[in-house]
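Below is one structure, written out as structure tokens, with a few remarks after it.
2 protein chains.
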Amino acid sequence: MSPVGAGLWRSLPAHQVYGANTNVGKTIVSTVLCNAIQRQNKRAAFLKPVSAGALDDADDRHLARYGAGTLTKCLHQFDEPVSPHLAAKQKTAPRDDDLLAAIHNTLSDWARSNIDLALVETAGGVHSPGPNGNSQADLYRPLRLPIVLVADSRLGGISASISAYESLLLRGYDVNSVLLFRDDYYQNHEYLANFFRQKSIPLVSLTAPPPKPPQEDVASHARDEEAMSTYYRQVSAESEILRLLEDMNTKNQARLTRLEEMADRAQDLIWYPFTQHQGMKPKDITVIDSAHDDYFQTFDAGQTEQQGGALRPTFDGSASWWTQGLGHGNPELALSAAYAAGRYGHVMFAGAVHEPALSLADSLLKTIGNPRFTKVFYTDNGSTGMEVAVKMGLRAACDRYGWDASQEQISILGLKGSYHGDTIGVMDCSEPSTFNKKVEWYRGRGHWFDFPLVKMVDGSWVIEIPGELQADLGTEKATFESLGSVFDLDARLATETSQKYKNYIHRTIQDLVDRHDMKFGALILEPVILGAGGMLFCDPLFQRCLTDVVREHPELFSPNASAPKSAPSWSGLPVIFDEVFTGLYRLGRPSSASFLDVHPDIAVNAKLLTGGLIPLCTTVASQEIFETFSSPEKSDALLHGHSYTAHAVGCTVAVDSLRAMSDMDANGSWDGFKADWRSHSVKAAKPASPEVWSVWSQDLLRDLSCAETVESVFGIGTVLSISLRDAEGGGYTSTAAKGLQQKLAAGGDQFNVHSRVLGNVLYLMSSVTSKPESLQEMERLLRSSLV
Amino acid sequence: MSPVGAGLWRSLPAHQVYGANTNVGKTIVSTVLCNAIQRQNKRAAFLKPVSAGALDDADDRHLARYGAGTLTKCLHQFDEPVSPHLAAKQKTAPRDDDLLAAIHNTLSDWARSNIDLALVETAGGVHSPGPNGNSQADLYRPLRLPIVLVADSRLGGISASISAYESLLLRGYDVNSVLLFRDDYYQNHEYLANFFRQKSIPLVSLTAPPPKPPQEDVASHARDEEAMSTYYRQVSAESEILRLLEDMNTKNQARLTRLEEMADRAQDLIWYPFTQHQGMKPKDITVIDSAHDDYFQTFDAGQTEQQGGALRPTFDGSASWWTQGLGHGNPELALSAAYAAGRYGHVMFAGAVHEPALSLADSLLKTIGNPRFTKVFYTDNGSTGMEVAVKMGLRAACDRYGWDASQEQISILGLKGSYHGDTIGVMDCSEPSTFNKKVEWYRGRGHWFDFPLVKMVDGSWVIEIPGELQADLGTEKATFESLGSVFDLDARLATETSQKYKNYIHRTIQDLVDRHDMKFGALILEPVILGAGGMLFCDPLFQRCLTDVVREHPELFSPNASAPKSAPSWSGLPVIFDEVFTGLYRLGRPSSASFLDVHPDIAVNAKLLTGGLIPLCTTVASQEIFETFSSPEKSDALLHGHSYTAHAVGCTVAVDSLRAMSDMDANGSWDGFKADWRSHSVKAAKPASPEVWSVWSQDLLRDLSCAETVESVFGIGTVLSISLRDAEGGGYTSTAAKGLQQKLAAGGDQFNVHSRVLGNVLYLMSSVTSKPESLQEMERLLRSSLV
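Chains A and B, in that order, are what the protein sequence lines are. Residue numbers 1 to 787, in the numbering used here, belong to the letters of the first sequence in order. Residue numbers 1 to 787, in the numbering used here, belong to the letters of the second sequence in order.
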């Protein structure tokens with residue numbers, strides 16, 4: 001699939017003409033507009049992508065006859081006056097992508113040919129099916145042309161017109177102008193003029209065309225032609241029409257001017273997240289006009305009309321900071337959000353319940369499938385959700401071990417390179433690093449283990465022991481035949497490596513407690529991949545051993561520790577999994593805890609929770625953790641809560657997103673990717689169950705890992721990570737990956753790629769709905785940039 | 001205005017029949033459904049609220065003739081077959097509220113009368129105007145009856161049907177079933193059956209009715225009647241119809257069952273914010289079915305059908321935790337949210353820009369009107385926005401004064417009772433209290449001043465010096481003739497009180513720095529009212545003096561302090577205003593800083609920012625604060641940012657909300673309230689400019705303040721606060737306000753009130769769109785509960 005640029009040309013105001021219903025006069029309105037342009041000694045062009053009327057009545061023929069010289073074109077002609085999706089049953093239908101490309105090419109040609117106005121006419125109403133059966137409003141959405149809406153002047157037309165308008169807005173279209181015929185009995189034009197005035201959309205009402213002649217003889221036909229010609233001559237000279245055309249032209253220019261100034265204005269007004277502004281130039285700011293599926297539509301002032309328009313599809317290679325799941329501009333999610341906004345707005349959650357929050361709690365617990373979890377706590381983002389998790393974990397530990405946290409420092413156990421968000425409390429859960437050490441109130445409170453890393457190097461999956469651990473764990477680099485075998489923990493737990501890991505972990509904790517007098521309140525892990533820390537792929541056996549040691553040796557943490565009273569119960573320390581990045585299908589599974597076969601006591605999900613639309617976070621916990629806060633005193637409760645806690649819009653979108661993702665899982669949507677990964681597990685005695693797979697092909701990983709500039713790679717689920725060789729040693733401030741990032745930003749024939757780097761690591765991330773064709777093109781781009 | 005309960009009756013499945021367009025056969029479909037019920041020896045009833053057809057063709061007459069005994073009723077009959085809004089020009093139109101009440105009453109009567117199915121038929125399409133010119137979909141929204149959508153089987157009907165469906169969903173309606181006529185040429189029923197199957201909505205296609213007779217003679221008329229009777233007899237016996245009726249009945253019961261179980265399920269699954277669960281019972285949980293304008297629709301299992309249905313309008317008395325601005329279920333905001341979701345979804349913000357984020361930055365800075373502010377930083381909620389503000393402020397102070405914050409403790413200056421959110425970093429900005437002291441990592445870092453309080457006691461505005469301050473400021477209680485004169489800071493700064501305040505503040509800071517070696521990095525204030533701390537109304541003169549002393553005496557904070565190099569510049573300490581609660585018209589003005597006539601260096605807004613729909617927060621700062629983070633090192637940047645930073649949906653809704661609120665301001669929407677407040681400023685020599693006013697009347701305040709159980713009250717903007725007398729001394733854990741809360745929850749004739757208390761304080765908060773009639777009824781309720 002070749003994505004198309006959204007339609008915007010400096011020299012050509014191009015609009016799409018939608019009708020509020022069929023037979024509202026789209027073609028007549030188009031003819032009026034084209035006439036008006038032509039009569040000013042300018043040139044109009046009219047494109048009918050798909051025509052389903054009988055040939056002689058085809059809309060482009062009407063334009064050719066009455067359009068005063070308008071250039072006309074029809075891409076696909078069907079014979080029957082029925083919906084294109086039915087007509088297409090009788091004739092091979094064009095593929096949607098080809099249709100979009102043909103429209104874009106035609107308009108680009110016209111933009112180079114002194115055309116002053118182009119109209120692209122749809123068939124029927126906004127949701128009338130295109131040739132492949134999907135709604136035209138969806139079909140044409142990637143072009144997102146500004147819209148001329150022809151409203152309905154008949155009885156019932158007020159309703160049809162407003163509903164059509166709303167359907168277009170739901171898909172992110174800009175309705176630039178509305179036209180309809182005057183009907184002095186129903187007066188729809190008066191009502192609608194008032195309605196659209198409030199939306200700042202100009203509405204022009206036209207004299208209705210002369211009635212069709214009652215008989216079909218030659219004389220009537222001639223009279224009809226004469227009457228229509230007169231009609232067009234008169235109407236197209238009306239000043240309102242000329243003003244509207246001027247307005248359409250002005251808006252096209254204004255849109256370009258705005259896109260041109262946006263980077264400068266952003267530089268003036270915006271304080272960007274995670275951004276050093278010194279030296280930043282407006283040209284470093286990507287101007288995003290809109291987005292669809294996996295692609296931003298980006299504006300590049302340097303691009304000329306010759307390259308086919310002012311906007312370019314840009315693959316959203318960071319999945320918009322790891323949030324994107326179900327595609328940008330997803331009309332289903334837009335409708336879910338709108339429904340919740342319409343039914344509730346936001347309603348108070350403390351002491352109240354509404355369906356979306358309750359349904360989401362239910363389906364989330366089912367999706368995660370951890371039998372320990374019974375309670376769901378809502379917040380707004382991963383950082384706040386982790387603050388809640390930490391409050392829960394520390395309270396449980398202090399309560400059981402009888403510590404007074406106001407008098408002594410309680411620390412957490414974690415991994416080096418961990419990252420749990422930007423609020424100061426959870427910053428304290430990570431070791432001092434570039435991210436936090438300059439924050440005035442940051443005080444790291446914990447111990448963070450170094451750990452062995454999983455990577456593919458020169459075509460082989462290996463586990464590497466970092467220098468800091470070699471004294472304890474040996475220097476040997478272990479090689480695995482497949483990623484699946486790295487995750488075969490049943491087998492690996494029986495190995496000597498496992499014992500070495502456990503001994504090392506046990507010894508370290510004992511030393512910290514006994515000799516450094518540390519008290520630990522929680523074990524916090526990002527399962528499998530430590531994301532913001534640099535896409536660090538931790539040996540899952542190490543995370544598993546860490547959890548096992550903590551749980552199997554409660555005596556390490558307090559002399560008061562005893563076997564928990566009832567199962568399931570936390571033991572040693574409450575185990576918190578930060579699945580904000582790794583959970584909910586990001587790595588190909590509903591929960592990343594399943595890779596370790598561990599049931600944490602507390603887990604946090606966000607990002608993909610809403611399919612990539614809006615912020616929402618959940619902290620889920622076991623009954624036992626929950627009951628720690630139970631007391632006759634209100635002050636013992638978890639006194640945390642944001643104003644928009646469990647906002648209905650987020651919860652509704654999340655319910656629908658979880659359903660969509662689990663349906664994809666159940667329907668085998670990713671079977672193609674899985675088959676690729678199975679075919680490469682050369683000698684796997686038994687397939688890992690559930691599987692380990694990625695949308696990125698094993699061939700790609702192998703080839704990239706052998707490239708000269710590449711240190712290592714890995715791919716799992718939707719994530720691809722490429723570590724570039726860096727003489728300086730890598731880290732967040734490395735610039736080694738900049739070169740690759742620039743090549744991707746330059747892009748290939750079809751699209752370019754927006755990516756983010758973490759020091760010497762360039763990662764790419766797809767949505768869960770990314771199409772194999774897009775990913776294959778991404779792979780071609782990567783190979784040509786690296787191999 | 002008397003709000004109506006949403007329509008839900010246990011004994012009566014009541015549906016509203018909407019058409020995808022006019023003339024799609026709504027009445028015929030209704031007649032089929034009613035026939036089918038009646039022929040099963042059950043009873044159907046048909047209500048036409050507004051009929052605009054010629055009398056003889058009126059839909060209720062058609063039902064009466066062919067409905068096999070169906071009970072029919074029409075509330076308002078117009079003569080012309082045009083839209084009701086045009087018909088209403090010829091005849092007095094019923095008021096919308098009266099129409100809703102009449103429908104609700106009729107259905108409630110029917111629910112008591114062994115009716116088994118009720119259909120309420122609309123006129124025309126979903127957006128066809130009602131008698132007062134607004135869309136029927138909006139007009140009937142408060143009832144939110146489940147919907148039978150009659151789809152359009154004609155050419156273009158696919159589009160019309162889907163758009164109508166989307167318009168209904170945008171308003172939070174549940175479409176329960178779809179019916180349309182079979183047309184084997186256009187085959188809309190096949191396409192739509194597939195479409196609605198994916199939405200789990202049953203669709204039934206019916207045999208089309210016999211054609212109308214071509215002539216109007218008596219014989220044809222009789223044949224037509226005969227043909228229609230036969231048609232109804234046959235179609236209403238079809239098994240699909242009977243199944244659909246069964247399904248409608250089942251859904252009504254299932255909805256009630258779900259509402260009944262929701263509190264129990266919530267008790268099982270939800271960990272509530274700010275809630276001690278011990279002792280909490282399901283009956284303590286408010287079940288919210290939906291919400292509209294100022295009202296939740298709450299379910300009370302104890303309510304019987306005799307009381308008029310299972311749902312009740314409940315005034316959202318906490319403005320849903322202070323967020324609500326433009327009303328629940330606001331269709332404009334729902335459409336804004338949908339548009340942004342359709343155009344962008346969420347797109348990456350770091351290093352990128354999109355129109356909603358840029359527009360919002362622009363209009364926010366204009367709305368706030370502080371000439372210092374140049375930069376906008378986005379986060380998700382007040383707590384994260386305050387974390388950012390603290391990071392900004394501390395960095396600026398440490399940078400100027402040369403402090404190494406990793407080695408020494410930097411504190412903040414604030415007021416006692418302040419509250420800035422639930423993440424640990426901003427918890428540290430408040431003194432130890434019930435909210436935070438049991439949080440394991442909480443370490444208050446600052447000094448917090450006691451302060452004089454503004455209240456109305458026994459009919460007079462007074463400023464009270466709390467016991468802790470009486471040694472320094474004296475014991476005298478000052479009385480003011482109006483709230484406006486409390487805010488007349490120009491006059492009050494010249495008084496002895498002002499000098500006393502300043503001396504006390506100066507002395508205290510000097511002592512903290514000199515004798516306790518404290519270093520301060522920021523002054524943090526909630527202007528005017530400290531919300532979560534218990535609705536503490538701080539003497540604005542005290543906040544002003546605190547800011548003035550900090551700015552005029554930089555030498556207090558560091559020997560390195562010098563006069564800033566350029567103006568405007570922060571001096572002494574960066575001044576941070578937390579306007580999360582008090583900003584954006586909550587207190588009647590765009591910015592609450594204007595009450596103090598202070599321009600802070602940093603300010604945080606959230607809650608009302610999106611009109612009350614979804615979480616979004618902005619931290620705005622001066623250029624000088626921004627530049628503190630400028631360096632050649634990335635690690636010096638403000639390394640903060642959440643995944644959904646500046647999400648397009650939130651920014652779009654916020655742009656539209658700010659516009660709506662400032663339009664209301666400009667259009668004099670609150671002039672009635674302002675006039676009330678002006679009329680009471682008995683001797684005000686010159687009116688405060690801009691005014692101090694409230695949606696709560698001065699009469700109410702005076703009467704409540706004289707009530708025996710009331711200690712004091714105040715009202716400002718949309719906020720009303722009532723302090724109840726409490727022998728125990730008040731505070732967050734007080735239960736003194738419980739009694740009043742219960743009386744409001746019991747409610748009056750028209751509605752009841754959901755409110756939140758903070759210890760001995762019960763507050764009420766309206767949205768900015770609350771209608772005077774609703775507020776007057778609230779006032780009646782308050783008087784009858786207290787006076």
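Virtual Cβ for every residue (Gly too), placed ideally from N, Cα, C.
Does the beta carbon of residue i sit closer than 7 Å to a beta carbon anywhere in chain A?
i	result
residue 612 of chain B	yes
residue 661 of chain B	no
residue 461 of chain B	no
residue 281 of chain B	no
residue 576 of chain B	no
Establish whether the CB of residue i and some CB of chain B are separated by less than 7 Å.
i	result
residue 398 of chain A	yes
residue 104 of chain A	no
residue 644 of chain A	yes
residue 376 of chain A	yes
residue 607 of chain A	yes
residue 788 of chain A	Since the displayed chain A opens at 1 and closes at 787, residue 788 of chain A lies outside it and no answer follows.
residue 590 of chain A	no
residue 328 of chain A	yes
Beta carbon of residue i, beta carbon of residue j: below 7 Å?
i	j	result
residue 539 of chain A	residue 463 of chain A	yes
residue 97 of chain B	residue 139 of chain B	no
residue 422 of chain B	residue 444 of chain B	no
residue 654 of chain B	residue 360 of chain B	yes
Hey, how far is the Cα of residue i from the Cα of residue j?
i	j	result
residue 684 of chain B	residue 779 of chain B	With a pLDDT of 48 at residue 684 of chain B, under the threshold of 50, the modelled position of that residue is not reliable, and the figure given next carries that caveat. Residue 684 of chain B and residue 779 of chain B: Cα-Cα distance of roughly 26 Å.
residue 773 of chain B	residue 72 of chain B	33 Å
residue 231 of chain A	residue 204 of chain A	16 Å
residue 55 of chain A	residue 85 of chain A	With a pLDDT of 46 at residue 55 of chain A, under the threshold of 50, the predicted position of this residue should be treated as unreliable, and no value is reported.
residue 30 of chain A	residue 153 of chain A	16 Å
residue 749 of chain B	residue 329 of chain B	24 Å
residue 478 of chain A	residue 492 of chain A	12 Å
residue 605 of chain B	residue 578 of chain B	7 Å
residue 831 of chain A	residue 260 of chain B	The displayed coordinates of chain A run from 1 to 787. Any statement about residue 831 of chain A would go beyond what the structure contains.
residue 703 of chain B	residue 251 of chain B	48 Å
Go through its chain and collect everything with a Cβ distance to residue i's Cβ below 7 Å, but skip five positions before and after it.
i	result
residue 223 of chain A	213
Who are the neighbours of residue i on chain E, taking C-beta pairs under 8 Å?
i	result
residue 12 of chain B	The structure shown has no chain E; the protein chains it does contain are A and B.
Might you give, ordered along the chain, the residues of its own chain that have their beta carbon closer than 6 Å to the beta carbon of residue i, omitting 5 neighbours on each side?
i	result
residue 209 of chain A	28 and 231
field: Contiguous beta strand (DSSP E) assignments of at least 3 residues, all confined to the region 446-524 of chain A
entry: 446-449, 453-457, 460-464 and 478-480
field: Any beta strand (DSSP E) of 3 or more consecutive residues that is wholly inside the region 274-304 of chain A
entry: 286-292 and 295-299
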